[in-house]
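Note that our numbering gives residue 4 to position 4 of the sequence shown, counting from 1, and the numbers run on in steps of one. From the three backbone atoms N, C-alpha and C, an ideal C-beta is built for every residue, glycine too.
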Amino acid sequence: MHLNLRSRIALRLAMALGLAVLYVPLLVVLVNSFNASRSFAWPPSGFSLRWWQAAWQEPGLRTALWTSVKAGLGATGIALVLGTMAAFAATRHRFFGRQAVSFLLALPIALPGIVTGIALNAAFRTVLTPLGIGFGLFTVIVGHATFCIVVVFNNVSARLRRLSSGSEDASADLGAHTFQTFWYVTLPAVRGALFAGALLAFALSFDEIVVTTFTAGPGTQTLPLWIYDNLARPNQGPVVDVVASALIVLAALPVWLAHRMSAEAL
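Laid out in structure tokens, this is it:
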């Protein structure tokens with residue numbers, strides 16, 4: 001489609017405006033993390049690294065960071081196993097209700113987080129509490145896995161749809177059993193999709209707050225919960241800006257890697 005000069009200029013302006021709305025607030029937070037003043041002021045009164053040093057010395061911050069890492073790794077591991085198995089079942093086999101299963105697997109990512117959180121909270125109280133299992137890291141991992149599975153499922157399913165089954169059939173004809181075919185033929189072909197799905201799942205889990213609020217116990221605090229709790233404290237404002245700036249970089253890295261891997265696979 002060919003556009004005239006006026007239309008191209010309008011589209012570029014609209015794109016620039018959209019990017020500015022998305023990324024200028026993030027840039028303000030990043031710049032303000034180096035602000036020498038304790039109070040938020042724009043433009044910054046000076047530049048300093050003392051808030052970065054103060055953030056690293058926060059014991060509660062380091063504990064919350066490690067909790068988020070453990071929750072993200074646990075949820076990603078569950079999502080890789082269940083999401084991959086579901087993707088193979090939905091794309092490589094035909095059975096009654098296959099479309100309904102695919103819809104139900106993708107539904108959690110579309111539901112509002114507060115709905116998922118309330119449902120999980122009620123389910124955990126009904127099922128786990130009578131068994132003596134209270135709210136904590138385990139319930140957070142299970143809660144995050146409910147929507148991380150969707151990311152892995154979508155990535156692996158998309159790769160399998162583009163992957164011909166001829167190589168797998170040839171492997172079976174040459175005498176390889178199911179697990180040999182999967183390990184030597186299928187897995188190398190979908191490895192990029194698995195890695196991309198794992199990166200996106202970890203990123204989703206790492207910065208999730210709504211579902212975490214309903215599934216975390218009193219002693220379980222992830223990094224997003226730590227940020228939320230410290231927003232109301234006036235002396236912690238610069239430290240929160242530092243943590244938010246670090247999260248911008250940490251969240252962008254896995255998304256960029258996943259995008260690169262998905263683009264290379266096309």
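Could you tell me the boundaries of the alpha helix (DSSP H) in which residue 180 lies?
Here residue 180 is taken as the residue at index 180 of the sequence shown, counted from 1. Residue 180 -> alpha helix (DSSP H) spans 178 to 181.
Residue environment, residue 104, which counts as buried when at least 16 other CB atoms sit within 10 Å
To locate residue 104, count along the sequence shown from 1; it is residue 104. Label assigned to residue 104: exposed.
Spell out a yes or no on whether the segment 120 to 137 and the segment 51 to 62 are touching, meaning 3 or more CB-CB pairs, one atom from each, closer than 8 Å.
no
Does DSSP put residue 88 in a helix, a strand or coil?
For this step, residue 88 is matched to residue 88 along the sequence shown. Correct three-state label for residue 88: helix.
Over the uninterrupted alpha helix (DSSP H) stretch that includes residue 192, give me the two end residues.
Residue mapping note: residue 192 aligns to position 192 of the sequence shown, counting from 1. Residues 187 to 206.
Would you report the Cα separation of residue 257 and residue 4, rounded to the nearest angstrom?
To locate residue 257, count along the sequence shown from 1; it is residue 257. To locate residue 4, count along the sequence shown from 1; it is residue 4. C-alpha separation (whole angstroms): 36 Å.
Thinking C-alpha only, which one of 23, 62, 243 and 201 is nearest residue 228?
The count along the sequence shown starts at 1 and reaches residue 228 at position 228. For residue 228, the nearest C-alpha among the options comes from 243.
Quick check for students: name the residue ranges of the alpha helix (DSSP H) that lie wholly in the segment 30 to 86, counting only runs of 4 or more.
50 to 56
Classification of residue 309 by the beta-carbon crowding that lies within 10 angstroms, buried from 16 upward:
Nothing can be reported for residue 309: it is not among the residues displayed for the chain, which extend from 1 to 266.
Quick check on the DSSP output: the alpha helix (DSSP H) that includes residue 121 runs from which residue to which?
Numbered from its first residue, the sequence shown carries residue 121 at position 121. Looking at the DSSP string, the run of the alpha helix (DSSP H) that includes residue 121 is 113 to 127.
Neighbourhood of residue 33 by C-beta distance below 8 Å, restricted to the same chain and skipping five residues each side:
As a first step, residue 33 is located in the sequence shown; it is residue number 33 there, counting from the start. Only 51, 52, 238, 241, 242, 244 and 245 meet the Cβ criterion.
Straight-line gap, residue 142 to residue 7 (C-alpha atoms, nearest Å):
As a working mapping, residue 142 is identified with position 142 in the sequence shown. As a working mapping, residue 7 is identified with position 7 in the sequence shown. Between residue 142 and residue 7, the C-alpha separation is close to 49 Å.
Assuming residue 148 and residue 79 form a contact by the criterion Cβ under 8 Å, report the distance between their Cβ atoms to the nearest whole angstrom.
Numbered from 1 along the sequence shown, position 148 holds the residue referred to as residue 148. Numbered from 1 along the sequence shown, position 79 holds the residue referred to as residue 79. Correct: roughly 4 Å between the Cβ atoms.
Where do the ends of the alpha helix (DSSP H) carrying residue 228 lie?
The residue given as residue 228 occupies position 228 in the sequence shown. First-last of the alpha helix (DSSP H) with residue 228: 223 to 230.
Buried versus exposed, by CB contacts within 10 Å (16 or more), residue 90
Counting from one through the sequence shown, the residue named residue 90 turns up at place 90. Buried, by the Cβ-count rule.
In chain order, what residues of the same chain have a beta carbon less than 6 Å from the beta carbon of residue 189, not counting five sequence neighbours either side?
Numbered from its first residue, the sequence shown carries residue 189 at position 189. Counting only Cβ-Cβ distances below 6 Å, and skipping sequence neighbours, we find 163.
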